[in-house]
Every structure is written in C-alpha cells, then in structure tokens.
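Chemist:
2 protein chains.
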Amino acid sequence: MKKALEKFKLILAEVDDLDRASSVLGWDQEAYMPKGGAEARGQILGTLGRLSHDRFVSKETGKLLEELEAQVAELDPDSDDARLIKVCRRLYDKEIKVPSAMVSEKAEITSLATQAWQEARAESDFRKFEPHLEKVLDWTRRYAELFAPYDHIYDTLLDGYEPGMKTSDVQEIFGGIRPKQVELIKAISEKDQVDDSCLFRSFPEKDQFAFGREVISAYGFNWDRGREDKTTHPFSTNLGFGDQRITVRVNEDFFNTYLFAALHETGHALYEQGVPKSLARTPLYGGTSLAVHESQSRMWENQVGRSLPFWKHFYGNLQERFPEQLGNVNVDEFYKGINKVSPSFIRVEADEATYNLHIMLRMELEIALMTGEVTVKDLPQAWNERFNDYLGITPANDAEGVLQDIHWSFGLMGYFSTYALGNLVSAQLWEVIEKQIPDIESKIANGEFAPLLEWLIENIHQHGGKFEPQELVERITGSQINGDAYIRYLNKKFKDIYGL
Amino acid sequence: MKKALEKFKLILAEVDDLDRASSVLGWDQEAYMPKGGAEARGQILGTLGRLSHDRFVSKETGKLLEELEAQVAELDPDSDDARLIKVCRRLYDKEIKVPSAMVSEKAEITSLATQAWQEARAESDFRKFEPHLEKVLDWTRRYAELFAPYDHIYDTLLDGYEPGMKTSDVQEIFGGIRPKQVELIKAISEKDQVDDSCLFRSFPEKDQFAFGREVISAYGFNWDRGREDKTTHPFSTNLGFGDQRITVRVNEDFFNTYLFAALHETGHALYEQGVPKSLARTPLYGGTSLAVHESQSRMWENQVGRSLPFWKHFYGNLQERFPEQLGNVNVDEFYKGINKVSPSFIRVEADEATYNLHIMLRMELEIALMTGEVTVKDLPQAWNERFNDYLGITPANDAEGVLQDIHWSFGLMGYFSTYALGNLVSAQLWEVIEKQIPDIESKIANGEFAPLLEWLIENIHQHGGKFEPQELVERITGSQINGDAYIRYLNKKFKDIYGL
Chain A
1 MKKALEKFKL ILAEVDDLDR ASSVLGWDQE AYMPKGGAEA RGQILGTLGR LSHDRFVSKE
61 TGKLLEELEA QVAELDPDSD DARLIKVCRR LYDKEIKVPS AMVSEKAEIT SLATQAWQEA
121 RAESDFRKFE PHLEKVLDWT RRYAELFAPY DHIYDTLLDG YEPGMKTSDV QEIFGGIRPK
181 QVELIKAISE KDQVDDSCLF RSFPEKDQFA FGREVISAYG FNWDRGREDK TTHPFSTNLG
241 FGDQRITVRV NEDFFNTYLF AALHETGHAL YEQGVPKSLA RTPLYGGTSL AVHESQSRMW
301 ENQVGRSLPF WKHFYGNLQE RFPEQLGNVN VDEFYKGINK VSPSFIRVEA DEATYNLHIM
361 LRMELEIALM TGEVTVKDLP QAWNERFNDY LGITPANDAE GVLQDIHWSF GLMGYFSTYA
421 LGNLVSAQLW EVIEKQIPDI ESKIANGEFA PLLEWLIENI HQHGGKFEPQ ELVERITGSQ
481 INGDAYIRYL NKKFKDIYGL
Chain B
1001 MKKALEKFKL ILAEVDDLDR ASSVLGWDQE AYMPKGGAEA RGQILGTLGR LSHDRFVSKE
1061 TGKLLEELEA QVAELDPDSD DARLIKVCRR LYDKEIKVPS AMVSEKAEIT SLATQAWQEA
1121 RAESDFRKFE PHLEKVLDWT RRYAELFAPY DHIYDTLLDG YEPGMKTSDV QEIFGGIRPK
1181 QVELIKAISE KDQVDDSCLF RSFPEKDQFA FGREVISAYG FNWDRGREDK TTHPFSTNLG
1241 FGDQRITVRV NEDFFNTYLF AALHETGHAL YEQGVPKSLA RTPLYGGTSL AVHESQSRMW
1301 ENQVGRSLPF WKHFYGNLQE RFPEQLGNVN VDEFYKGINK VSPSFIRVEA DEATYNLHIM
1361 LRMELEIALM TGEVTVKDLP QAWNERFNDY LGITPANDAE GVLQDIHWSF GLMGYFSTYA
1421 LGNLVSAQLW EVIEKQIPDI ESKIANGEFA PLLEWLIENI HQHGGKFEPQ ELVERITGSQ
1481 INGDAYIRYL NKKFKDIYGL
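Chains A and B, in that order, give the protein sequences.
Final position of the first sequence in our numbering is 500; the numbers increase by one with none missing.
Final position of the second sequence in our numbering is 1500; the numbers increase by one with none missing.
#1: Tell me, please, whether the stretch 40 to 47 of chain A touches the stretch 250 to 267 of chain A by the rule of three or more beta-carbon pairs shorter than 8 Å.
#2: Within this structure, are the beta carbons of Leu1421 of chain B and Glu1162 of chain B separated by less than 8 Å?
#3: From the DSSP output, in three-state form, read off Ile1246 of chain B for me.
#4: Quick check: is the beta carbon of Asp224 of chain A nearer than 8 Å to any beta carbon in chain B?
#5: Can you round the beta-carbon distance between Arg1227 of chain B and Arg1245 of chain B to whole angstroms, since I take them to be within the 8 Å contact cut?
#6: Taking a Cβ distance cut-off of 7 Å, strictly less, list which residues of the stretch 20 to 44 of chain A are near chain B, in chain order.
#7: Whole angstroms is fine: what's the gap from Glu134 of chain A's alpha carbon to Val348 of chain A's?
#8: Between Thr1047 of chain B and chain A, is any beta-carbon pair separated by less than 8 Å?
#9: Counting pairs of beta carbons, one from the stretch 1192 to 1200 of chain B and one from the stretch 1332 to 1339 of chain B, are three or more of them closer than 8 Å?
#10: Evaluate Leu500 of chain A with the Cβ neighbour count: other Cβ atoms within 10 Å of its Cβ, from every protein chain shown; 16 or more gives buried, anything less gives exposed.
#11: Excluding the five sequence neighbours on either side, which residues of its own chain have a C-beta within less than 6 Å of the C-beta of Glu1400 of chain B, listed in chain order?
#12: Please confirm whether Arg1141 of chain B has its beta-carbon closer than 8 Å to some beta-carbon of chain A.
#13: Residues bridged to Thr1237 of chain B by DSSP?
#14: In or out: Asn1302 of chain B buried (at least 16 other Cβ within 10 Å) or exposed?
#15: Under 8 Å between the Cβ atoms of Asp81 of chain A and Leu5 of chain A?
#16: Over the uninterrupted alpha helix (DSSP H) stretch that includes Asp16 of chain A, give me the two end residues.
#17: Kindly confirm or deny that the stretch 406 to 423 of chain A and the stretch 281 to 297 of chain A touch, where touching means at least three C-beta pairs closer than 8 Å.
#18: What number of angstroms, rounded off, separates the C-alpha of Lys1186 of chain B from the C-alpha of Tyr1489 of chain B?
#19: Using alpha carbons as the reference points, say which of B:Lys1097, B:Ala1038, B:Glu1069 lies closest to Ala1107 of chain B.
#20: Considering only the alpha carbon of each residue, which of A:Thr288, A:Ala218, A:Gln115 lies closest to His463 of chain A?
#21: Distance cutoff 8 Å, beta carbons only. Does Leu18 of chain A sit that close to anything in chain B?
#22: Can you tell which of A:Lys340, A:Lys230, A:Arg89, A:Thr140 has the C-alpha that lies nearest to the C-alpha of Asn256 of chain A?
#23: Please return the same chain residues whose Cβ sits closer than 6 Å to the Cβ of Asp1016 of chain B, not counting the five positions on each side in sequence.
#24: Measuring alpha carbon to alpha carbon, tell me which residue in A:Glu252, A:Trp223, A:His313, A:Thr114 is nearest His233 of chain A.
#25: So which residues on chain B does Arg227 of chain A lean against when the C-beta distance must stay under 7 Å?
#26: Identify each residue in the stretch 1238 to 1268 of chain B for which the Cβ-Cβ distance to at least one residue of chain A is less than 9 Å, and report them in chain order.
#27: Helix, strand or coil for Asp1229 of chain B? Go by DSSP, reduced to three states.
#28: Kindly indicate if chain A contains any beta-carbon less than 8 Å away from that of Glu1014 of chain B.
#29: Mind checking Asp398 of chain A: buried by the 16 CB within 10 Å criterion, or exposed?
#30: By alpha-carbon positions, which one of B:Asp1243, B:Glu1431, B:Leu1456 ends up nearest to Gly1478 of chain B?
#31: Could you spell out where the alpha helix (DSSP H) holding Ser1168 of chain B opens and where it closes?
#32: With a threshold of 8 Å between beta carbons, is Leu279 of chain A in contact with chain B?
#33: Take Met413 of chain A as the anchor and find which of A:Ala120, A:Asp155, A:Thr61 has the nearest alpha-carbon.
#34: Please go through the same chain and pick out, in chain order, the residues whose beta-carbon is closer than 8 Å to the beta-carbon of Ala1382 of chain B, but skip the five residues on each side of it.
#35: Once you ignore the five residues that flank Thr394 of chain A on each side, which residues in its own chain have a CB closer than 6 Å to its CB?
#36: Verify the CB distance criterion: does Leu1005 of chain B have a CB-CB separation below 8 Å to chain A?
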C-alpha cells in the first residue's frame, strides 16, 4: 500500500502544483495584471486547468485509487490517508464526468469575463458584461447537465462548494430563517435609529492600512507567510504552503469598507494558515467547504470584530489614529454605528441582520437563470425588482446592483448560499466556544486572540478538508448546519443595541 | 503540412503557456511573495518546468518536427513557419538531452537559491547563499557535461543565451576591446574629474517614479500592456502577449539607481512589446538572443537616455520636479554628472566606460567556477581580488561585491557576457540608425522617440526570434558582432565630456 500511496501522492502534488499556479495567476490578474494581458492569461489558465484535470482523472489515478480503496481497511478511518482516499474518490467521480475541453473552455471564458466584469463594474454598465455572463451561464448549464439525472439542476453546482448539501436542504434552512430575519429587521425599523455618520468622515488610506495591519497581526496572521494587496473585490487565496494572500479595497469616505473586509479575509487566511504542512499538495490542504470557510471569516469579522469587547480594546488606538474624525465619538456610539441595521446595496458591507437576504436573492436568481426563468438580458431588472421586494430599496445603477460581485465572472455559480450558511455555522460554533472558553469576551477585551485561534486550529483548521462540512459541524456542535443559533445571536445582539 | 503544423503549434502553445505561467510565478516571487512561500514556489516551478520540458521533448513533438522538416522546402525560408521549424529543431536537439528530473531539480534549487540570495544580499552575508550556489554550480556542471564532447565546458551555457556563439569567440572580442577600454579609462583619470555631487541629493521616491513614468511613456511603452513594480534586482519579463512587466529599485539618495534601470528595462520591454501577436505562444515570441535584447535596453538607457539631446528635452521637467536638488545645476553639468567615469562596485550603475570590465570579471569567474579553478567558498575573495585588479577598488562587503547580482541564484550561468555583447551591438546598430535617421539627435532633443522605436520595430522587434543574433546583426549592419563601433562610440562621447 505504501508504494501505491506514494505514487498517488506524487500525482496529487502535480495536480495541486498546477492548481496553485493557477491561483497565483488568478491573484495577479485581480491585483496587478494590465488589461492587455487578459487574453493570454485566459489561455494560460485554460492550459493549466486542462492539464490539472487530465492528470487527476487519468487512468493511472483511477487505478491507484481503486488499489488504495481495496486496502483502506488497514488504516484508521480518521487518519489523513484514509480520509484522503475518501475525498479523492468523491472528487474523482465528479471530475471524470467533465470533458477536458470544457475545463480549459471555462478557464478561458472566465478569464475574459473577469476582465470584462472589472470594466463593466468600473463603468457601471451591465451590457459590457452581459455577453460574458451568457457564456458563463451556457457553460454552467452544460456542466450541470453532465450530472443528470438530478433532483435539481442546481444541486451539482451547490455540491461543488458544499459537499453533501442539496438545493432543497438550503431552501429549507433559508425558508426557516427568512421570516425571523424579516421580523427582526421590522422590529428594528420601528425603534430609534442608530447614528453612524461618524463612519462617513474622511479616513486616509494609509492610516486605515496601518490600523488594519495592527488588528490583523493581533488576530494571529503570519506576515512571513502571507501578504495584503488591493483589488476591486476583496478575497483570500492560498498560493501554496506558506503563502496566503488577502486582498482588500479601501474607501476613504466610509470606514467599514476596508476594515471589515480585511478582518473577513483574515478569517479565511487564518483557516488556511492553520492547516498543517503534512496535508500540503493534496486535496485535503485547505478548508473543508465554503460554508465552514465563511464561518471563520464571519466569526473574525463579526462575532469578534463587530463586538463591543473588541472595540473596548481597540477603540483608543483607533481614536488616536483618527482624532479629528472620532475624537468626539465614544466607544458605545461607534459600536452602535458599525452595527447599524439598515437595508443597503452592497452585500459585503451589509449589516448582520440584512446580510442573508442579499444571499437569498442571489441564490434565487441563480436558480432562475439556470432554469431559464430569468434571462441574462433581464437580469439587472430582475435583480432590482427582487432587491426592492426584499430590502425595500432599488439600486441606482448596475455597479451597486447586479454588477457588485465578481463571482459570476469567475464561473462561481452555486457559491453564494455558502455565505449565509457560513453565518449560521459561525453562530453555531460561537455557542460552543462560549461554553469552552467561558471568559472569551474578557479575553477579547484584553486583546488576547490566541485562545480563540488555538481553539479554531484544534477543532477546525488542523483537519483541513478531512471531514465533510456536516460531519465536522456535527462533531463540534452536536447538530448539522441550521439557523437556530444565528437567529439567537442576532436577536440578542440587536436587542442590546436597539433596545427591542 | 497544414495539419501537422497546426498540431505542432498546439504543442508549442501548451509549452509556452506553462513557461509563461512560470514567468508569472517568477515575477511574483521577486516582487511580492512572502518569504514563507519559497519552498512551495520552488515545487510549483519545478512541476511547471518539468511538464513544459516533457511536452516539448515528447515523441509526438519529435515526430511532427521531422514531418515538418521533410516539407519545409515548400515554404519561403524566411517565413515565420520555416523559421519556427528551424528554431524548434535547435531547441529540441538541445532540450532532449536534458533528463526531465534535472529540469524540475533546477527549478527547485533556483527557487530556494533566489530566496536565499535575497536574504544574503539584504544581510550582506555570502555564507547564507554559499550552499545554494554550490547546488546551482553542481547542477550547471552536470548540465554542461550532457553536451560533451565540447570545445569548452562553458560553450553550452553561452549557447543557451547567445545561440551560435562560442566561448572562444567572446574571449576574442573581449580581448580586443579590453585594452582599449582600459586605455580610455586611464586617459580619463588623468583629466579633470566630473562633479556628480548633484546626483547624491535627496530625491523622494514618488517624484522619481512620476518622472520615470513620463519618460517611459514618451519612449512608447504601452501601459495597457504592461506595468512597473519594485524588486531587489530590476528586470523585465513577458507574461504572455499583452503583458510586459518591468521592475525597478529606487535609491532616494542617488538619482541614477532608479531612472537608468527603468529606462534599461523599458528598452527590453519595448522589444517584447514590438514582437507581433502572430508569433505569440511559439518559441519565436520574444527577443532573438540576450545580446540583441541587451542592445535594446542599453540603447534606450545610454545612446538615448544618457545623451545630451535627451536631457536638453527633459531637463527642464526634471528641474521643476526637483527644484531644490537641481535648480542650481545646469544641463551640461547634469549631463556630465550622469556620465561620470569612475570605477564603482555595482554593475548596473557602472558608467559606460567601465561597464564591460564588470562583465569580463564575471565571465572569467564563471569559467573558473566551471573548471574548478575557483571554488564557491573562495568566490568572495576571488571576486574582490579580481575586482581590485580590474577596477582598482575593493568591495567593502559581499552585498556590493559578489552578492550584487541575482543571476546565479536563478541558475543563469553563461549569461553575463551577453551584457557586454549587447553594448557592442547597441553601438553597431546606432551607427546604422544615425545614417538612416540623420536627424535622430534633433528628434530626441524634441522628445520625438517614435521614429527610433519604429526603426527598431521594423528592423529588429517584428522578427522576434526568427533570425539568430549573428544573422540579424549582419543583415542590419553588414558585420557580425564586434567591438569597433562601441570603442568609437565611447571615445567620441568621452572625448567631448573630458576634453581628451
């Protein structure tokens, strides 16, 4: 078995090397690439994607996998190797259905689409993105059909990001929390509103970065093994063991834009930095699913970064950096400001009470696109109408509406729901953390983040992709992913802030 | 033939995609990668290099190449396709001798060596680089032995950068110019020395960048198809059609460091930007050899950027940006200052009269390392002794001595001589340009650089790698590469400046 495993891991390493190379090229494309490079970049990414795919679904891989499965009973079922074989089987059975030409086709389509999206967004002109989105959608439909018969055409897409979850599962969870969130938002809207005008003063970029860097460091981000850059859309990406990038954007006229994105992406990055080197160059190296990944980013952004204890620790520092802007604002006012609940256009800047509605809207539109109920041409209108239904406001232009997210240009359909699921998981985990680290609030108020990070490494990060998300969440919390804890979290937090 | 050519070009495109991916990763490694990423980056580059190599030397490539050669008589021998087949044969016969394991080994060795070099240079500690250079040298010796029997062990290395040139050819050329350069330097040293103290005032980085960007733009660099970043060692790299990067370094206390490196790298970049898209994704896409490449960078840096007409055009602009530093310095003084001849430690900042001596020293040391006459351990001492012999000064530390160049860490042995050859070619070309664009000086004095760029595109850039360097230089100048024009150029230039 040892020899087969070694051979198998050599293949996985080659596949992973190709995929990480693509990640470097993808990161560069967002952070630095001149626009003239888009076509060539698409071709290169197409080649890398195709080679990685072909290697992974090669006959040799399939044969080794069978050989290893025949002997896997020798291993502890929770061992890295046993789990690796299991995960590879799931990935293999899925990937082998996809023709290699479709893989490079996707890379080329999405590379150009990403470039077009950037221009379209900058000019707030959906029409520039429309033909590219048509291609992405067409590809995605063809992809989903490879997995027919299915319960729902959207299932395969979802499963790519959240292994084991069905469209109907997510619809049920969302159906359960939606009325409760709507009820909360309504209750809040009937109370005195929070004054967040202090967040809209002028905050010079370099001072924002300096403060952000201090918080990111305090969280435990290892700068020798990562860096921070600016992109149109913030993200976090792993470029190989020891190289974790986060990207952010800055708005000098609105405080939240940079900092909470930075804390969010740091949450993702800490997850990746916590996965052990022993899993590197295998499919287990990284987070187990996007919802679990998002639980980490949202926890460091919200449960920690938007909490009163956090600001009791950091607010003096912030005031010193921005004496004119915040000198006359006390910590309670500031805390309420950054937690103001108010329907808004940009998902990544949405408050915690309305955020999931942004997600539900996207998931529904994606399903409608996939089933043909909504066409790409009509998408901006469908977006705006639904947005008004859900949040009572209508985007003034495409940039703050349908063009705000980069995901579709990447071909990431089926992805959005994991953001809301991540919120739910973060709250489920937080209830356990509060029991296991009873003084977590006072630790945060003292600027001690190591106990939390250690808990997360111990319970989540160190496992990489060994356990499927439902299994992992159940191991830790005793339940599968559900919305109860999140609703409790929201109700408690906003009861305090709005005196409900 | 059409079908075979199409199949052949698909393979070449895949190989080129892999190589450009490596270039993106290499660029990032220098410009942005955190140090923790070095090991993984080396592994990824190793995989990409091996896959590219294996694909290029595959049986399929060999068969197609034979098939195409049998029919090449159908084609115009100067056509892109006929030249492509010829160049691929040369590369194929060379690459097929190299075992695939050696290719990935090199990538891994040099990726770690580069990281080590950066740290060693920052700390001026050769011992940190020594074990890595040992590995690079060991690899390089094994590589050279693959091509035995040879006239000289260094021939294969040289041929990798300067196709068709032998060690003995270069030694003969260098032997011819060395006494003439030494004589010139001596004559200059006996004259009144130039005052260049104005260059050592304080020049804020952002103002240097703003001025540089203006000149780079005036030269014709297309920013939609390229960008400029900071690295420890300046370079220019092509990341695919439409994506040409230059990198620079800045010294706020010495004016020359940034600007002339920027103009130099722009010269390389203009060459790459001038190669037509029709050659993209083939081995013809790019410069034909490093000497010809260097002729372009040195021309834009020196014949143009260090000329009096250039500064007659730009000096007012520069004075406006740096009124305190340069307000009391007139253009003639400034021109003399930037052309001051004085033995110095850093090659890339050396004046034109002494520059080639830096190169000869490196080539001799490389040959001595290859033959075993000098060991890696003794290299710093050998460097310092030879430096003193040639230039009459001794580096105070490794950073300004043996550690100054990044090349060996990349495994680029046999490369340095092309820098001096490039100087020679730039002068050979310039004599033709002066005949064919008789008012070139007044054009430059008017800030009109397009005629020069058009001439270079027409005569050099548009051909990419179609013609071997000696053939190309002979087509344009009527002679092969030689030192006569360069010596004439130096003597004339410094006669004016020093009143020889």
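The beta-carbon is built from N, C-alpha and C at its ideal position, and this holds for glycine as well.
Modeler: Straight from the coordinates:
#1: In short, these stretches do not touch, since the Cβ pair count stays below three.
#2: The residue you call residue 1421 of chain B lines up with position 421 of the second sequence. The residue you call residue 1162 of chain B lines up with position 162 of the second sequence. Yes, Cβ-Cβ distance for Leu1421 of chain B and Glu1162 of chain B is below 8 Å.
#3: Taking the second sequence and counting its residues from 1, the one referred to as residue 1246 of chain B is at position 246. Ile1246 of chain B carries a strand assignment under DSSP once its states are collapsed to helix, strand and coil.
#4: Here the question's residue 224 of chain A lines up with position 224 in the first sequence. For Asp224 of chain A, the answer is yes, since a Cβ of chain B falls inside 8 Å of its Cβ.
#5: Within the second sequence, residue 1227 of chain B is the residue found at index 227, counting from 1. Within the second sequence, residue 1245 of chain B is the residue found at index 245, counting from 1. Right, the Cβ-Cβ distance comes to about 6 Å (below 8 Å), so this counts as a contact.
#6: Using a CB distance below 7 Å, the part of the stretch 20 to 44 of chain A facing chain B consists of Arg20, Ala21, Val24, Leu25, Asp28, Tyr32, Met33, Pro34, Lys35, Gly36, Gly37, Glu39, Ala40, Arg41, Gln43, Ile44, ordered along the chain.
#7: What you label residue 134 of chain A is simply residue 134 of the first sequence in a count that begins at 1. What you label residue 348 of chain A is simply residue 348 of the first sequence in a count that begins at 1. Looking at the two C-alpha atoms, the distance is approximately 25 Å.
#8: Residue 1047 of chain B sits at position 47 when you count from the first residue of the second sequence. Proximity of Thr1047 of chain B to chain A, defined by a Cβ-Cβ separation below 8 Å, is satisfied.
#9: Cβ pair count under 8 Å is three or more, so yes.
#10: The sequence position of residue 500 of chain A within the first sequence is 500, counting from 1. Exposed, because fewer than 16 other Cβ atoms sit within 10 Å of the Cβ of Leu500 of chain A.
#11: As a working mapping, residue 1400 of chain B is identified with position 400 in the second sequence. Same-chain partners within the cutoff: Phe1345.
#12: Mapped onto the second sequence, residue 1141 of chain B falls at position 141. Chain A places no beta carbon closer than 8 Å to that of Arg1141 of chain B, leaving this residue out of the contacts.
#13: Counting from one through the second sequence, the residue named residue 1237 of chain B turns up at place 237. Checking the DSSP bridge columns, you'll see Thr1237 of chain B partnered with B:Arg1245.
#14: In the second sequence, residue 1302 of chain B corresponds to position 302, counting from 1. Looking at its Cβ environment, which holds 16 or more other Cβ atoms inside 10 Å, Asn1302 of chain B is buried.
#15: Position 81 of the first sequence holds residue 81 of chain A. Position 5 of the first sequence holds residue 5 of chain A. Result yes, Cβ atoms of Asp81 of chain A and Leu5 of chain A sit closer than 8 Å.
#16: Against the first sequence, residue 16 of chain A aligns to sequence position 16. Start and end: 2 to 31.
#17: The answer is yes - the stretch 281 to 297 of chain A touches the stretch 406 to 423 of chain A, with three or more Cβ pairs under 8 Å.
#18: Here the question's residue 1186 of chain B lines up with position 186 in the second sequence. Here the question's residue 1489 of chain B lines up with position 489 in the second sequence. Their backbone Cα atoms lie some 17 Å apart in a straight line.
#19: As a working note, residue 1107 of chain B is residue 107 in the second sequence. The shortest C-alpha to C-alpha distance from Ala1107 of chain B to any of B:Lys1097, B:Ala1038, B:Glu1069 is the one to B:Ala1038.
#20: Taking the first sequence and counting its residues from 1, the one referred to as residue 463 of chain A is at position 463. Nearest of A:Thr288, A:Ala218, A:Gln115 to His463 of chain A, Cα basis: A:Thr288.
#21: The count along the first sequence starts at 1 and reaches residue 18 of chain A at position 18. Leu18 of chain A counts as touching chain B.
#22: As a first step, residue 256 of chain A must be located in the first sequence, where it is residue number 256. For Asn256 of chain A, the nearest C-alpha among the options comes from A:Lys340.
#23: Residue numbering aside, residue 1016 of chain B sits at position 16 when the second sequence is read from its first letter. Shown here for Asp1016 of chain B: same chain residues with a beta carbon closer than 6 Å to its own, the five before and five after excluded, namely Arg1281 in chain order.
#24: In the first sequence, residue 233 of chain A corresponds to position 233, counting from 1. Looking at the Cα atoms, A:Thr114 is the closest of the given residues.
#25: Stepping through the first sequence from its first residue, residue 227 of chain A is reached at position 227. Going along chain B in sequence order, the residues near Arg227 of chain A (Cβ under 7 Å) are Tyr1032, Pro1034.
#26: Those residues of the stretch 1238 to 1268 of chain B that come within reach of chain A (Cβ to Cβ, closer than 9 Å) are Leu1239, Gly1240, Phe1241, Gly1242, Asp1243, Gln1244, Arg1245.
#27: In the second sequence, counting from the first residue as 1, residue 1229 of chain B sits at position 229. Here Asp1229 of chain B sits in strand by DSSP.
#28: In the second sequence, counting from the first residue as 1, residue 1014 of chain B sits at position 14. Answer yes: the Cβ-Cβ gap between Glu1014 of chain B and chain A drops below 8 Å somewhere.
#29: Counting from one through the first sequence, the residue named residue 398 of chain A turns up at place 398. Buried, since its Cβ has 16 or more Cβ neighbours within 10 Å.
#30: Position 478 of the second sequence, counting from 1, holds the residue named residue 1478 of chain B. Comparing Cα-Cα distances from Gly1478 of chain B to each of B:Asp1243, B:Glu1431, B:Leu1456, the minimum goes to B:Glu1431.
#31: Along the second sequence, one-based indexing puts residue 1168 of chain B at 168. Run containing Ser1168 of chain B: 1167 to 1189, per the alpha helix (DSSP H) assignment.
#32: Within the first sequence, residue 279 of chain A is the residue found at index 279, counting from 1. No, no contact with chain B.
#33: As a position in the first sequence, residue 413 of chain A is number 413, starting the count at 1. From the listed residues A:Ala120, A:Asp155, A:Thr61, the smallest Cα separation to Met413 of chain A is found for A:Asp155.
#34: Reading the second sequence from its first residue, position 382 is the one you call residue 1382 of chain B. Leu1365, Ala1368, Val1374, listed in sequence order.
#35: For the purposes of this step, residue 394 of chain A is taken as the residue at position 394 of the first sequence. Cβ within range, chain order: Asn384, Asn388.
#36: If you number the second sequence from 1, residue 1005 of chain B lands on position 5. No, because no Cβ of chain A sits closer than 8 Å to the Cβ of Leu1005 of chain B.
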